[in-house]
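K.L.:
Before we start, here is the structure in question, set down as structure tokens.
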Amino acid sequence: MIWYLLYPLRGTTEPPKLSPSHPIRRAFQAHGTATAQHWLLSLVLTISISVLLCYPAVFQTNSPAAAGLRNLPKHVWTSTTEVEGEHHADVVVRQVWVHGDYMNALSQSVLRKALDVQHTLLNGGFGAGGLSRTSMLSRSESGCITPGPGEKWGWQSPLMYWDCSKEALASDKNILETINAHSNTQTPMNITLRPSTVFAGKHFTNTKLRAADALVLTLLDQTEDTDVGEKWNRRARALAQGLDTDWSIFPQDGQIVGNRLYEFRLKPMSKLDDTFLAGSYIIMAVYVILRMKQLRAVKSWFGLLITIGAKMAICIIASFSLCTWLGVDLARIPRPWFPAVVFCYGLGNIFRLINAVLETPPEMPPQQRIGNALGEVGHLSLAVAFQNLAMIYLCSRFVSPWVANFCVFAAVTLVFDFVYHLTFFVAVLSVDVQRMELSDSIGQADLARGSKKQPERKSWCAALLEGTTPLSTRFAGTVAISSVILAINLHFFDVGDQHLSFDTVRKKLLSRKQKRSSVPQWSSPPINQARTPAEWLKLQDHNAAQELFALLKPGAHSFIARIYDPVLVVTKGARGRDKPQMPTTLMGHLRRFAQGHTFPAALMAVFMIAGITLFMNYLLWTGLPEATDEDEEKKSAFSVKTLPTQQTLDIVRMSSCSKGHLTSVSLDRTTSIWLNGHTAHIPATLQTANMKPRLWPIVASALDDSGSFLAMATDTGRIGLWSVAASRFLMFPIVNFRGQVPALYSFVNITRNDHERPYIMIVSPDGYLTELEARTGIHRTKRISASAILCAQLYVDAKGEANLVFVCKPGIVHILSLQDPNNALSEVVASLDPGPPPDSNPAKVKCIHSVPSLGLIFALRDERAEIFDFSSKALIHAFAIGHVEPHSFRVMHSARRQCPCGASAVHTLSVAYAEQNKEHMILQNLSPKDTSISQVCLGKPLDRTKHECRGLDSATEAVYCVESAGVWESTAASSIVGVRRRILSTPASSIASDDEDDAPVLIAPTSAVRQRASKPNDALVSSRFINGLANGRQNTHAPIDHTDPWEAWTMTSTGEFRSRPLLPDDDKMEDEVDDLFVVAPGPIARLGKRSVAVGFGNTVKVITLGKEVYSGATVPNGSLDIGLGSYRARPRRGMERKAL
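The UniProt record's numbering puts the last residue of the sequence shown at 1140; the count rises by one with no breaks.
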């Protein structure tokens, strides 16, 4: 709504989008990033504060907040309003308060004096009989006086607990137990003898009375003449004259003149109220559940729903506690109306932030995703908070006094909701994103960027449900809270004949008088009291009001009472009665401050929260130059680091593990080990060629996934097992390689006889498998194939059982279980035709690639890839690819889901590979064709047909190509990272992305797949290329430094391309000189989830996307890269030289 009001100044009704350099956006972004990074600290602080705020109302049963929360009307409207002018009173109320020492009214002496005062004032009742002077102060008969038939007066006293008997009172050894045991006793007037009505200044423990400050004697007079009042005054005068010397009375003559008229109203909620509330809550619940389900985060939507409910409950209870401390009376509003307040505020901010998180790129670190999302929408939440506070303030100007108190509660709730949104909810959401439960929903935004089809028209209802209409995003909260306030006000507005009209609204808006509930303006008490008469009157709950209505005016909804100031009887020299009445505690000053400055304080609270957040983030700046545009922000998430140089000649082999450890083998006959120390890599160098026994030349190396063992093998079959923990070689077993380089050399953990042990699996091309136990060195060799093995990979299934998948020279795919060490018989995948047949299979299977995370195996032919299910061995899908360079095939996919048919499902599935004898990389991305479908089923065709699932055959394919890709590797962040020689000029055939961020795709047609990519009319090609050709936009690279001929590049699974100079972030000059002598980069190995390590001459470059966290999680396929799985482009002819 605020943007519509600002339309004359801004010229648009759209909310503003702040630039990345705007200080407000930077403040919210820094706050979101810090909260996501320190989510545990944020949760601990918010929960601790929540406990402190909610403890008085929920756990401290004797607190005013808990009493107020218990006494909230359940289904009735109640109010107590002072009536101006002269009106007929339905009842006249006169009282006497008897005090002893401070909070010690339940002593025997005070109770006995109260009994004497009661006998003096009642003295046989207020009938037609005369006054008995002799029994004035000495009556001791048992039994309480009751009105005679037809008499319209009654009374209530705490002495009724003992039947107004001195003997019963004197014999009572436990006064508190007697009071608590009879707290539900009915008096002769059918009024419950509650402690709240006969005591003032009460102290409770677990609903049990423990102390009181005053005894309250109350006379109710329904007669229309003045005879009862005259008798009361005469007896009060006699009481003052005959009072003992150790007691005082106020006023001294016992005559009370001051009185006020109050209207008490009690009306049950109507069916219209019930229907309005029930309908509102049901619609809101359905809306929230549907919106949460639309997030496509199956594992987290219920958890986020619980988080939203907890946040709202905390805000309501904390607001009620704070309002009670500030003296705001909320006891007149029924309970069901309070939750409506927080529903109006929190949902808009929550869904706005979640949608912003889902639109951020999935390859960004979770902390940056949260920070960017909060920076994008934080100022909108702040503006909405100011807008709602202003609307609440305007409503409070013309609503009734009791509703003005409810407006104070609404304002406080808004502030709490805004604070908890920035702390509690942001922390929980960051945890959810880090668990990768929300990242898969991002595919909706990725699909929109990857294939921009002609937009379809949506119905208004669908847009309203999605939250894209102005009504749902800009008006909903303000209109809802205004409606709630006005609906509540309808039950109070007719007080004092002030009917709702435009003229009444105008007068109240222009009035300078602050609207607050009518608090009785009693005269200042002459003594210090724990509870003043005004406060005592406010504490009378709706239960007592219902009984008074039944006594005074059965069936009515209101009555008028004339209430006189009480007569005070106090012990002379009582302790604690001479304290000043001015507030002496911080809470007392806050309560006095809140009486006239509630709304300015609420507005200042929101402003201070935003200001303190901005100031704290300003203090946390490092002082380094910061990015001022989006390209600089992305560059900071794309870093290059050079490890300390340990070797003198080119690196030819690398291996790594998920814990961040790295090894490299150099032509200088040394092996370097970099151990991840979390802050830096710690290097160590092994002179493998000069040791005994001699380890050189090294033809294979591997690290186990736990980072405990390094295994290096020479061409003669000698294997050196290095213990990382002990920093020494354990053994040097010898395996017969038969003069061949292993096709597979990798660690795998196998459980045999209930013991899990690490094994080294060595597959030789001539069909032999050697299993070597890493801890003992025991090994056995067996023949598993009669023909040559072309490709082999390890596969660890969902049960943790290890298998070997390999393809032999005839093109037959075999699966061998490794659980039994004596098993040498493999299973043939019958669904894959080895070929060459005369039908659709043009060539034999040459290579395989396992994807255990999805339960799939990719079988690669020439220009064709076939996917089959590992468990059932059924063929899932087949699609065209290019001429794949051996061992360069990579598979990336979004988070795994479960399809209704029981099979695995993903949002996107991407394959990347290098074409044979070429220098480019091709990426093919498969995603749902229909934007309304969030996943692609990977089940068998028959199961998909039975359950009507959408498989890969109905997916849209987008083809991307990177020219002169150099050496590259995939990461777990669905991105490709590589190093290549910089392309100084762009060919005429380049195709630019239509994204403003990046992504030119360089194309020179060779294979059929690349020709498809170059034909914009082909249905398999994403419209990204078509729009790119039409718009002619080029991607934005990092600033070119012509002294560095190399660059690092990255491409996401959706084709977004970025590049930067290979120079490390610290930009050392010696690195630039060394880079000039590098012929070609490589080898390359994946390092963690977001990093790759590249051998660059005799140095190692670590390229990271975002922030890398080495969690030590296992590699999905159970094996580790040995330097054969990554692709290294061949140098062009005429440029090759020997690396020295």
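Note that the Cβ used here is the ideal one computed from N, Cα and C, for glycine as well. Just so you know, these numbers come straight off a predicted model, no measurement behind them.
In three-state DSSP terms, what is proline 16?
P.N.:
Working through the sequence shown from its first residue, we reach residue 16 at position 16. Three-state result, proline 16: coil.
K.L.:
Are three or more beta carbon pairs between the segment 408-420 and the segment 18-33 nearer than 8 Å?
P.N.:
no
K.L.:
Which two residues bound the contiguous alpha helix (DSSP H) that contains cysteine 847?
P.N.:
Sequence index remark: in the sequence shown, residue 847 carries index 847 (1-based). For cysteine 847, no alpha helix (DSSP H) segment is defined; the enclosing uninterrupted segment is the beta strand (DSSP E) at 847-851.
K.L.:
Could you check whether leucine 429 and threonine 307 sit closer than 9 Å to each other, using their CB atoms as the reference points?
P.N.:
Sequence index remark: in the sequence shown, residue 307 carries index 307 (1-based). Sequence index remark: in the sequence shown, residue 429 carries index 429 (1-based). Cβ distance < 9 Å, so threonine 307 and leucine 429 count as in contact.
K.L.:
When DSSP builds the beta bridges, which residues end up paired with isoleucine 1084?
P.N.:
Numbered from its first residue, the sequence shown carries residue 1084 at position 1084. Bridge partners of isoleucine 1084: Val1094.
K.L.:
Between leucine 220 and valine 91, which are expected to be in contact by the criterion C-beta below 8 Å, what is the C-beta distance as a whole number of angstroms?
P.N.:
One-based indexing of the sequence shown puts residue 220 at position 220. One-based indexing of the sequence shown puts residue 91 at position 91. Yes, leucine 220 and valine 91 are in contact; Cβ-Cβ is about 6 Å, under 8 Å.
K.L.:
Would you call alanine 843 buried or exposed, if buried means 16 or more other Cβ atoms sit within 10 Å of its Cβ?
P.N.:
Against the sequence shown, residue 843 aligns to sequence position 843. Exposed.
K.L.:
Which class does cysteine 791 belong to by DSSP, given the choice of helix, strand or coil?
P.N.:
Along the sequence shown, one-based indexing puts residue 791 at 791. Correct three-state label for cysteine 791: strand.
K.L.:
What separation, rounded to the nearest whole angstrom, lies between the Cα atoms of tryptophan 674 and glutamine 740?
P.N.:
In the sequence shown, counting from the first residue as 1, residue 674 sits at position 674. In the sequence shown, counting from the first residue as 1, residue 740 sits at position 740. Spanning the two alpha carbons is a distance of roughly 29 Å.
K.L.:
Just verifying my parser: in three-state terms, what is the DSSP assignment at arginine 694?
P.N.:
The count along the sequence shown starts at 1 and reaches residue 694 at position 694. Three-state DSSP puts arginine 694 in coil, outside helix and strand.
K.L.:
Looking at the structure shown, is threonine 360 part of a helix, part of a strand, or coil, going by DSSP?
P.N.:
On the sequence shown, position 360 is the one that residue 360 refers to. Looking at threonine 360 - three-state DSSP - the assignment turns out to be coil, as it is neither helix nor strand.
K.L.:
By Cβ distance, which residues of its chain are closer than 8 Å to valine 110, with the 5 residues on each side in sequence left out?
P.N.:
For the purposes of this step, residue 110 is identified with residue 110 of the sequence shown, where counting begins at 1. Contacts found: Val98, His99, Gly100, Asn104, Leu215, Thr571.
K.L.:
Would you decide whether leucine 52 is buried or exposed? Buried here means 16 or more other CB atoms lie within 10 Å of its CB.
P.N.:
Residue numbering aside, residue 52 sits at position 52 when the sequence shown is read from its first letter. So leucine 52 counts as exposed.
K.L.:
Which ranges does the alpha helix (DSSP H) cover as unbroken runs of at least 4 residues, wholly within the segment 105-131, from first to last along the chain?
P.N.:
108-122
K.L.:
From this set, Thr197, Ala684, Asn349, Ile560, which residue's C-alpha is nearest glycine 85's C-alpha?
P.N.:
The sequence position of residue 85 within the sequence shown is 85, counting from 1. Closest by alpha carbon: Ile560.
K.L.:
Buried or exposed: which applies to glutamate 167, given that a residue is buried once 16 or more other Cβ atoms fall within 10 Å of its Cβ?
P.N.:
What you label residue 167 is simply residue 167 of the sequence shown in a count that begins at 1. When all chains shown are included, glutamate 167 counts as exposed.
K.L.:
Just how far apart, CA to CA, sit methionine 921 and histidine 814?
P.N.:
Taking the first residue of the sequence shown as 1, we reach residue 921 at position 921. Taking the first residue of the sequence shown as 1, we reach residue 814 at position 814. Going from the Cα of methionine 921 to the Cα of histidine 814 covers about 29 Å.
K.L.:
With a Cβ-Cβ cutoff of 9 Å, do leucine 330 and leucine 72 count as a contact?
P.N.:
Sequence index remark: in the sequence shown, residue 330 carries index 330 (1-based). Sequence index remark: in the sequence shown, residue 72 carries index 72 (1-based). Result yes, Cβ atoms of leucine 330 and leucine 72 sit closer than 9 Å.
K.L.:
Decide if phenylalanine 1077 is buried, meaning its Cβ has at least 16 other Cβ atoms within 10 Å, or exposed.
P.N.:
Taking the sequence shown and counting its residues from 1, the one referred to as residue 1077 is at position 1077. Exposed: under 16 other Cβ atoms inside 10 Å.
K.L.:
Could you say which of Gly800, Tyr768, Lys918, Arg783 lies nearest to arginine 752 if we only look at CA atoms?
P.N.:
Looking up residue 752 in the sequence shown gives position 752. For the set Gly800, Tyr768, Lys918, Arg783, the Cα lying nearest the Cα of arginine 752 is the one of Gly800.
K.L.:
Exposed or buried, what is proline 566 when buried is set at 16 or more other beta-carbons lying within 10 Å of its beta-carbon?
P.N.:
On the sequence shown, position 566 is the one that residue 566 refers to. When all chains shown are included, proline 566 counts as buried.
K.L.:
How big is the Cα-Cα spacing for arginine 757 and asparagine 803?
P.N.:
The residue labelled residue 757 in the question sits at position 757 within the sequence shown. The residue labelled residue 803 in the question sits at position 803 within the sequence shown. Spanning the two alpha carbons is a distance of roughly 15 Å.
K.L.:
Below 8 Å, how does it come out for the segment 818-835 and the segment 779-794: are there three or more Cβ pairs, yes or no?
P.N.:
yes
K.L.:
Out of curiosity, what's the CA-to-CA distance linking proline 16 and cysteine 407?
P.N.:
Here residue 16 is taken as the residue at index 16 of the sequence shown, counted from 1. Here residue 407 is taken as the residue at index 407 of the sequence shown, counted from 1. Taking the straight line from one Cα to the other gives about 29 Å.
K.L.:
Using the rule of at least 16 other Cβ atoms within 10 Å of the residue's Cβ for burial, across every protein chain shown, is methionine 712 buried or exposed?
P.N.:
Locating residue 712 in the sequence shown gives position 712, where the first residue counts as 1. Looking at its Cβ environment, which holds 16 or more other Cβ atoms inside 10 Å, methionine 712 is buried.
K.L.:
Is any heavy atom of the ligand HEM found at a distance shorter than 8 Å from the C-beta of phenylalanine 549?
P.N.:
Of ligands this structure carries none, so the ligand HEM is not represented either.
K.L.:
Taking the continuous alpha helix (DSSP H) assigned at alanine 178, which residues delimit it?
P.N.:
Start at 1 with the first residue of the sequence shown, and residue 178 comes out as number 178. Looking at the sequence provided, one finds threonine at residue 178 rather than alanine. Note, threonine 178: alpha helix (DSSP H), 175-181.
K.L.:
Rounded to whole angstroms, what is the Cα-Cα separation between leucine 18 and glutamate 376?
P.N.:
What you label residue 18 is simply residue 18 of the sequence shown in a count that begins at 1. What you label residue 376 is simply residue 376 of the sequence shown in a count that begins at 1. Going by the C-alpha atoms only, they are around 7 Å apart.
K.L.:
In terms of DSSP beta bridges, what is isoleucine 563 paired with?
P.N.:
One-based indexing of the sequence shown puts residue 563 at position 563. In the DSSP output, where bridge partners are listed per residue, isoleucine 563 has Val93, Arg260.
K.L.:
Between aspartate 668 and tryptophan 696, what straight-line distance do the alpha-carbon atoms span, to the nearest angstrom?
P.N.:
Locating residue 668 in the sequence shown gives position 668, where the first residue counts as 1. Locating residue 696 in the sequence shown gives position 696, where the first residue counts as 1. Going from the Cα of aspartate 668 to the Cα of tryptophan 696 covers about 11 Å.
K.L.:
Quick check: what's the CA-CA separation for serine 664 versus valine 1094?
P.N.:
Sequence index remark: in the sequence shown, residue 664 carries index 664 (1-based). Sequence index remark: in the sequence shown, residue 1094 carries index 1094 (1-based). One C-alpha to the other measures close to 10 Å.
K.L.:
Less than 9 Å between the C-beta atoms of arginine 896 and proline 928, yes or no?
P.N.:
Residue numbering aside, residue 896 sits at position 896 when the sequence shown is read from its first letter. Residue numbering aside, residue 928 sits at position 928 when the sequence shown is read from its first letter. Taking 9 Å as the Cβ cut-off, arginine 896 and proline 928 do not qualify as a contacting pair.
K.L.:
Can you grab the Cα-Cα spacing for the pair proline 941 / arginine 980, in whole Å?
P.N.:
On the sequence shown, residue 941 is found 941 positions in, with the first residue counted as 1. On the sequence shown, residue 980 is found 980 positions in, with the first residue counted as 1. Rounded to the nearest angstrom, the two C-alpha atoms are 41 Å apart.
K.L.:
Between phenylalanine 264 and alanine 545, is the Cβ-Cβ spacing less than 9 Å?
P.N.:
By 1-based counting over the sequence shown, the position of residue 264 is 264. By 1-based counting over the sequence shown, the position of residue 545 is 545. Result yes, Cβ atoms of phenylalanine 264 and alanine 545 sit closer than 9 Å.
K.L.:
Report the residue from Thr688, His22, Asn1098, Val44 whose alpha carbon sits nearest the alpha carbon of threonine 642.
P.N.:
Against the sequence shown, residue 642 aligns to sequence position 642. With distances taken between Cα atoms, threonine 642 lies closest to Asn1098.
K.L.:
Helix, strand or coil for aspartate 995, going by three-state DSSP, please let me know.
P.N.:
As a position in the sequence shown, residue 995 is number 995, starting the count at 1. Confidence at aspartate 995 is low in this model, with a pLDDT of 38, below 50, so its placement is unreliable and the value that follows should be read with caution. Here aspartate 995 carries a coil assignment [DSSP, helix/strand/coil].
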